[in-house]
Amino acid sequence: MISNLEGSELLHHIKDMVEALPGLGWSAWPNGDFICFSQAMEEYMGQQAEHLTSKDADGDFVWKDTVIAEDYDRISSAWLNAVRSDLSHYEITHQIQGAAGELRWLRTTARPQRDVSGKTIYWLGTSIDIHEAMTAVEQSQATEKHLRKLVDTVPGLIWTFDRDGEPRYYNKRLEEWGGVRVRDIIPSSGQTLLSAALDKMIHPDDRAELEASIRQCISSGDPWMARFRQRRADGMWRWMEGRMEALRDPTGAITQWYGLELDIENETRAQESLRDAADKLTKAAQFAGMAELSASIAHEVSQPLASALANTDACRRWLAMKPSNIERAKISAEAALRDANAASEVVRKVRALFQKHTTEREEQDMNAVIGIVGDLLRKEILARDVQLVTFLDPQLPLVKIDALQIQQVLVNLIRNAADSVAESSPADRTIIVRSSVQNAEVVVEVEDFGKGIANIEKVFSPFFTTKKGGMGMGLSISKSIIFSHNGRLWAQNTAGGAVVSFALSELGPPLSWSSGGEQRP
Ligand code: ADP
Numbered sequence: 003m004i005s006n007l008e009g010s011e012l013l014h015h016i017k018d019m020v021e022a023l024p025g026l027g028w029s030a031w032p033n034g035d036f037i038c039f040s041q042a043m044e045e046y047m048g049q050q051a052e053h054l055t056s057k058d059a060d061g062d063f064v065w066k067d068t069v070i071a072e073d074y075d076r077i078s079s080a081w082l083n084a085v086r087s088d089l090s091h092y093e094i095t096h097q098i099q100g101a102a103g104e105l106r107w108l109r110t111t112a113r114p115q116r117d118v119s120g121k122t123i124y125w126l127g128t129s130i131d132i133h134e135a136m137t138a139v140e141q142s143q144a145t146e147k148h149l150r151k152l153v154d155t156v157p158g159l160i161w162t163f164d165r166d167g168e169p170r171y172y173n174k175r176l177e178e179w180g181g182v183r184v185r186d187i188i189p190s191s192g193q194t195l196l197s198a199a200l201d202k203m204i205h206p207d208d209r210a211e212l213e214a215s216i217r218q219c220i221s222s223g224d225p226w227m228a229r230f231r232q233r234r235a236d237g238m239w240r241w242m243e244g245r246m247e248a249l250r251d252p253t254g255a256i257t258q259w260y261g262l263e264l265d266i267e268n269e270t271r272a273q274e275s276l277r278d279a280a281d282k283l284t285k286a287a288q289f290a291g292m293a294e295l296s297a298s299i300a301h302e303v304s305q306p307l308a309s310a311l312a313n314t315d316a317c318r319r320w321l322a323m324k325p326s327n328i329e330r331a332k333i334s335a336e337a338a339l340r341d342a343n344a345a346s347e348v349v350r351k352v353r354a355l356f357q358k359h360t361t362e363r364e365e366q367d368m369n370a371v372i373g374i375v376g377d378l379l380r381k382e383i384l385a386r387d388v389q390l391v392t393f394l395d396p397q398l399p400l401v402k403i404d405a406l407q408i409q410q411v412l413v414n415l416i417r418n419a420a421d422s423v424a425e426s427s428p429a430d431r432t433i434i435v436r437s438s439v440q441n442a443e444v445v446v447e448v449e450d451f452g453k454g455i456a457n458i459e460k461v462f463s464p465f466f467t468t469k470k471g472g473m474g475m476g477l478s479i480s481k482s483i484i485f486s487h488n489g490r491l492w493a494q495n496t497a498g499g500a501v502v503s504f505a506l507s508e509l510g511p512p513l514s515w516s517s518g519g520e521q522r523p
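What the sequence shown shows, in my numbering, is residues 3 to 523, in sequence order.
Written out as structure tokens, the structure is:
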């Protein structure tokens, strides 16, 4: 027992204990002054034990110079507090400059050695070099910090799901982009976190299909890819492209899923405007085709007419001669007649061309035509954050129309309306297509809440456009189509936008062109 040791005997005992300790042993008196350091400590520090245990002129421990200046107060006050409070354990992690001059991490622990009455006789301490472990931890913390920073700054929205597909982490960009944090998603009872997250973020029209595709991949382990609309923090729906891959452990079991999504709204829009440009090109080509057709008709007609004119002139001259040359006048008159017949044949052929076209007119349900156009355009319109709403009169009588041409008119009117609401607030980005019966006419109205029509007198004139890259032919072609159906097409500004409407007779008109009548203006 140490209680009966005193003086040099006690000192010997302490030195033996210090040498027997693992690591870098040392000892101290109950007042905190150091008694001795082990040989291992001497070698580690490259200093004599006597020197290390002493104090400098200011009363500081001489090992002060071996620790970082700011650390001395922390270490010495913790140590003095342990001995003064007679704690049963002292422990501190700190850096120290060893013999090689390099700062290394140590973990120092000490315990008081007490006699039978519990009085502390001396402290035994040891310091273990934990430099490698500490630098490994520091490095991995630095790597983790770096990776997290990388994940947060990568220009993509990143998430992780656990192996069951439950959201676990969103990177900072995703949190900011969508205004949703994983910890704020609260599933209702019996609902999974994934379902709750999709409810919060995904467009109702895409949500069910999206969840099914995710769950299918979670169960099969296949990579996942999809395009869908997701709500941005400002409430706008944006087209997104998402991808997800499973992370597997060495046995091949899935541990989690990594997902990345990109906002592809602008690309989608660019593709649309490309499609738009292609449409315009087709329209332009059709128009150019019409111009060519009229030029060739004019050529075909003008030749026999010019010849007829020349022949009637000759005929007049033969008759004016004294005496009149009846024989020659007769020949010229016959030639003129032949020419006039040739011209009228060209006209007849052109008529036949249009008559053939008009045979495609059939009795149709206008609501069905609107439905087809709605389906055709809905995706394009939604991608522009515009809603298409229809109010259709179920009692609509049939109309005799060329359905393709009327579809073309509707496409024009709806696209114009979508262009017009492009800059309206999200709540006003709506187009209403209405069908009704008014005074024995089927009336179709396309209403928008856009900027209104700037120059209402001119909109139906060919080549009138206020759009960059517009052709200004849409409404004028629409007007001639509706007129060829003996209908009416008109435009009005409203308090909050514009309505462009057309009306067609219920039973279908007698077709003016096929009946040989004049084309209406
Ligand atoms: P484009 O669409 O190529 O300009 P259109 O003949 O279809 O050709 O339209 C002519 C012009 O009429 C448009 O440029 C626009 O100024 C105006 N317009 C047509 N529909 C609307 C509408 N719903 N709201 C506001 N302006 C419209």
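Even glycine gets a Cβ: it sits at the ideal position worked out from N, Cα and C.
Cβ-heavy atom distance, residue i to the ligand ADP, below 7 Å
i    : result
S432 : The sequence as given places Thr at residue 432; Ser does not occur at that position. No, Cβ of T432 sits at least 7 Å from all heavy atoms of the ligand ADP.
F504 : no
G498 : no
L477 : yes
D278 : no
G261 : no
T468 : yes
D450 : yes
K453 : yes
V461 : yes
A456 : yes
G237 : no
A419 : yes
S422 : yes
M473 : yes
Residue i CB to nearest heavy atom of the ligand ZN below 7 Å
i    : result
N414 : With respect to the ligand ZN, the structure shown offers nothing to examine, as its ligands consist of the ligand ADP.
Other residues of its chain near residue i: CB distance less than 6 Å, five sequence neighbours each side excluded
i    : result
I266 : W241 and E243
M246 : W226, W259 and G261
Y534 : The shown model of the chain, from 3 to 523, leaves out residue 534, and the question about it has no answer.
Q99  : T68 and L105
I130 : G25 and R109
K460 : F466
Residue i (DSSP reduced to helix, strand or coil)
i    : result
K469 : coil
H14  : helix
H96  : strand
G9   : helix
F485 : helix
W28  : strand
T314 : helix
N129 : With the sequence shown as reference, residue 129 is identified as Ser, and Asn is not the correct amino acid for it. Note: S129 maps to strand in three-state DSSP.
N457 : coil
I188 : coil
V206 : The question names Val, but residue 206 in the sequence shown is Pro. Of the three classes helix, strand and coil, the one that applies to P206 here is helix, per DSSP.
V303 : helix
A308 : helix
V20  : helix
Q366 : strand
K66  : helix
E140 : helix
T496 : coil
G120 : coil
P1   : Absent from the model: residue 1. The displayed extent of the chain is 3 to 523, so no value can be given.
K57  : strand
Proximal residues to residue i (C-beta, below 8 Å), its chain only, five neighbours per side dropped
i    : result
I433 : I383, V388, Q389, L390, V391, I416, A419, A420, V423, V448, E449 and D450
T128 : L23, P24, G25, L26, G27, W28, T110, T111 and A112
G524 : Residue 524 is absent from the model: the chain starts at 3 and stops at 523.
T467 : M473 and G474
Close beta carbons around residue i, own chain, < 7 Å, minus the five adjacent residues each side
i    : result
T361 : With a pLDDT of 46 at T361, under the threshold of 50, the modelled position of this residue cannot be trusted; read the value that follows with caution. Correct list: empty, nothing qualifies.
K358 : Because the pLDDT at K358 is just 43, under 50, the model does not fix this residue reliably, and the value given afterwards should be weighed accordingly. Taken in chain order, the list of residues that qualify is empty.
Residues bridged to residue i [DSSP beta-bridge criterion]
i    : result
K147 : For K147, which the question treats as bridged, DSSP gives no partner whatsoever.
L249 : Q258
Y74  : Beta-bridge pairing links Y74 to no other residue.
Y172 : W161
C38  : S29
M227 : R245
T194 : T194 is not bridged to any residue.
Q232 : I204 and R240
(message) Below 8 Å, how does it come out for the stretch 173 to 187 and the stretch 210 to 227: are there three or more Cβ pairs, yes or no?
(response) The stretch 173 to 187, when compared against the stretch 210 to 227, does not touch it at the 8 Å Cβ threshold.
(message) Taking 8 Å as the cut-off, does the stretch 150 to 160 touch the stretch 132 to 140 (at least 3 CB pairs, one atom from each stretch)?
(response) Counting Cβ pairs under 8 Å, fewer than three are found: no touch.
(message) Taking contact to mean 3 or more Cβ pairs, one atom from each stretch, closer than 8 Å, check whether the stretch 399 to 418 and the stretch 481 to 489 are in contact.
(response) With the cut-off at 8 Å, the stretch 399 to 418 and the stretch 481 to 489 touch.
(request) Please determine if the stretch 331 to 350 and the stretch 368 to 378 are in contact, where contact requires at least 3 C-beta pairs separated by less than 8 Å. (result) no
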